[in-house]
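First up is the structure itself, then whatever we jot down about it.
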Amino acid sequence: MANRRTCAVVGGGTMGVDIALTLARAGCATHLVETVDEVRRSLPARLSTGLSSLGCPECGDLVTVHAGIAEVPWGLVDLVIEAVPEKLDLKRRLFADLLPRLAPGALLTSNSSSFPISAIGEGLPTAHRFFGLHYFMPAHLVPLVEVVCGAASDPALAEDLAGFMRATGKVPVIVRKDLPGFLANRLQHALAREALALVEAGVASPADVDAAVRFGFGFRFLAAGPLLQRDHAGLDVHAAAAATMYPTLAASRTPSRELTDRVAAGRLGMKAGGGFYDWPPEAIAKEKARYEGLLRAGLALLEAELPAVSRD
Numbered sequence: 064m065a066n067r068r069t070c071a072v073v074g075g076g077t078m079g080v081d082i083a084l085t086l087a088r089a090g091c092a093t094h095l096v097e098t099v100d101e102v103r104r105s106l107p108a109r110l111s112t113g114l115s116s117l118g119c120p121e122c123g124d125l126v127t128v129h130a131g132i133a134e135v136p137w138g139l140v141d142l143v144i145e146a147v148p149e150k151l152d153l154k155r156r157l158f159a160d161l162l163p164r165l166a167p168g169a170l171l172t173s174n175s176s177s178f179p180i181s182a183i184g185e186g187l188p189t190a191h192r193f194f195g196l197h198y199f200m201p202a203h204l205v206p207l208v209e210v211v212c213g214a215a216s217d218p219a220l221a222e223d224l225a226g227f228m229r230a231t232g233k234v235p236v237i238v239r240k241d242l243p244g245f246l247a248n249r250l251q252h253a254l255a256r257e258a259l260a261l262v263e264a265g266v267a268s269p270a271d272v273d274a275a276v277r278f279g280f281g282f283r284f285l286a287a288g289p290l291l292q293r294d295h296a297g298l299d300v301h302a303a304a305a306a307t308m309y310p311t312l313a314a315s316r317t318p319s320r321e322l323t324d325r326v327a328a329g330r331l332g333m334k335a336g337g338g339f340y341d342w343p344p345e346a347i348a349k350e351k352a353r354y355e356g357l358l359r360a361g362l363a364l365l366e367a368e369l370p371a372v373s374r375d
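In terms of our numbering, the sequence shown is residues 64 to 375.
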């Protein structure tokens, strides 16, 4: 994969643009496809702003925006990253359309977080070179990317793809079984289930739950994940604590009413003006700036542990 230097991102939404930023920053020629005229017209400004924020405004020359897949020089493309809306039929049609256009060694990947990779690639004659490539928002700042294997994915190609992700400055993890939610989202939702259960039971407020994570054990996650942290503290200590707590942990198989009631009331989060917190327009921009600023500060702290961006 180190020699695969031409990529195509299909879908110019938030994720697609941020993924294109990471590729261009790493020196990859990147073709970005967006079929919706209004969205496509916004791409040059979004790309320029994003690359300037990453300290490489000159990398804009590496990104070419296209109005449709017919415009892309597919014979030169080594890696395809699909970032279209989360509709299974749409994704399947896209890959079926792309297959006859691609060079024989090109890898096909999907940034989907909703559908099993095997379901998207079902029936593809190239399933051995089809993977999930799951970035996390904001994709140009969050280091993690999941390389997800389907049932037919070639493990050697998964390792190659992970190596390429390191060359773009990412921290890849290989998910060897195609489970719903893959790896990181399963961990995230397990925590969220307990957090919501505690709020629903009146044990703590949403603000106190957030504070407990951010300024307590979550603060340590910057230095150590949950398993490394247990080595620090002692497995005997955590085994004893687990024996006490596990029987009382939330085990609901349905979403908490703390979520569903808010959804029913139209409190969907920032995009609706309120969720667990109220979001008047003036607060949203301030919160996004605070959030991104802390992510950048975290990146600076972890710089020595992140893969160096390769421009070879």
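Beta carbons are placed, not taken as given, at the ideal position from N, Cα and C, and that holds for glycine.
- Using the rule of at least 16 other Cβ atoms within 10 Å of the residue's Cβ for burial, across every protein chain shown, is lysine 351 buried or exposed? Residue 351 sits at position 288 when you count from the first residue of the sequence shown. Exposed: under 16 other Cβ atoms inside 10 Å.
- Query: What are the uninterrupted segments assigned as alpha helix (DSSP H) that are 4 or more residues long and contained completely in the stretch 268-329, given in chain order?
  - Reply: Taking only runs of at least 4 residues, the alpha helix (DSSP H) segments lying wholly in the stretch 268-329 are 269-275, 289-296, 298-308 and 320-327.
- Query: Which whole runs of the alpha helix (DSSP H) in the stretch 77-141 are 4 residues long or more, in chain order?
  - Reply: Listed in chain order, the complete alpha helix (DSSP H) runs (minimum 4 residues) inside the stretch 77-141 are 77-88 and 100-116.
- Give the straight-line distance between the Cα atoms of leucine 84 and valine 147, rounded to the nearest whole angstrom. By one-based count along the sequence shown, residue 84 stands at place 21. By one-based count along the sequence shown, residue 147 stands at place 84. The alpha-carbon of leucine 84 is positioned some 17 angstroms away from that of valine 147.
- Message: Looking at leucine 224: is its Cβ nearer than 7 angstroms to the Cβ of valine 210?
- Response: Position 161 of the sequence shown, counting from 1, holds the residue named residue 224. Position 147 of the sequence shown, counting from 1, holds the residue named residue 210. When the beta-carbon positions are compared, leucine 224 and valine 210 come within less than 7 angstroms of each other.
- Task: Using the DSSP secondary-structure output, state which residues sit across from threonine 189 in a beta bridge.
- Result: The sequence position of residue 189 within the sequence shown is 126, counting from 1. Paired residue(s): none; threonine 189 is not in a bridge.
- Kindly list the residues whose CB is nearer than 7 angstroms to the CB of alanine 214, restricted to its own chain and excluding five residues on each side of it in sequence; keep chain order. Locating residue 214 in the sequence shown gives position 151, counting from the first residue. Non-local beta-carbon contacts of alanine 214 in its own chain, meaning distances under 7 angstroms to residues more than five positions away in sequence, involve Ser181 and Asp241 in chain order.
- Task: Would you mind reading off the limits of the beta strand (DSSP E) that contains serine 173?
- Result: For this step, residue 173 is matched to residue 110 along the sequence shown. Counted as a single uninterrupted DSSP element, the beta strand (DSSP E) harbouring serine 173 occupies residues 170-173.
- Please work out which residues of its chain come closer than 8 angstroms, Cβ to Cβ, to serine 111, disregarding the five sequence neighbours upstream and downstream, and give them in chain order. Residue 111 sits at position 48 when you count from the first residue of the sequence shown. Closer than 8 angstroms at Cβ, skipping near neighbours: Pro120 and Gly123.
- Message: Please report the distance separating the alpha-carbon of valine 372 from that of valine 208.
- Response: Walking along the sequence shown from the start, residue 372 turns up at place 309. Walking along the sequence shown from the start, residue 208 turns up at place 145. Because the pLDDT at valine 372 is just 46, under 50, the model does not fix this residue reliably, and the value given afterwards should be weighed accordingly. Between the C-alpha atoms of valine 372 and valine 208 there is a straight-line separation of about 15 angstroms.
- Task: Return helix, strand or coil for valine 211, following the three-state DSSP convention.
- Result: Stepping through the sequence shown from its first residue, residue 211 is reached at position 148. Strand, per DSSP.
- Query: Given that a residue counts as buried once 16 or more other Cβ atoms are within 10 Å of its Cβ, and exposed if not, what is serine 115?
  - Reply: One-based indexing of the sequence shown puts residue 115 at position 52. Of the other Cβ atoms in all chains shown, fewer than 16 fall within 10 Å of the Cβ of serine 115; this residue is therefore exposed.
- Message: Rounded to whole angstroms, what is the Cα-Cα separation between glutamate 355 and glycine 232?
- Response: Your numbering for residue 355 matches position 292 in the sequence shown. Your numbering for residue 232 matches position 169 in the sequence shown. Each residue's Cα considered, the two are about 18 angstroms apart.
- Task: To the nearest angstrom, report how far apart leucine 157 and valine 234 are at their CA atoms.
- Result: Numbered from its first residue, the sequence shown carries residue 157 at position 94. Numbered from its first residue, the sequence shown carries residue 234 at position 171. Straight-line Cα distance between these residues: approximately 28 angstroms.
- Item | Boundaries of the beta strand (DSSP E) in which proline 235 is found, first to last residue | Within the sequence shown, residue 235 is the residue found at index 172, counting from 1. Residues 234-238.
- Query: Going along the chain, which residues of its own chain have a beta-carbon closer than 6 angstroms to the beta-carbon of arginine 330, five neighbours each way excluded?
  - Reply: Here residue 330 refers to the residue found at position 267 of the sequence shown. So the qualifying residues of the chain are Gly337 and Gly338.
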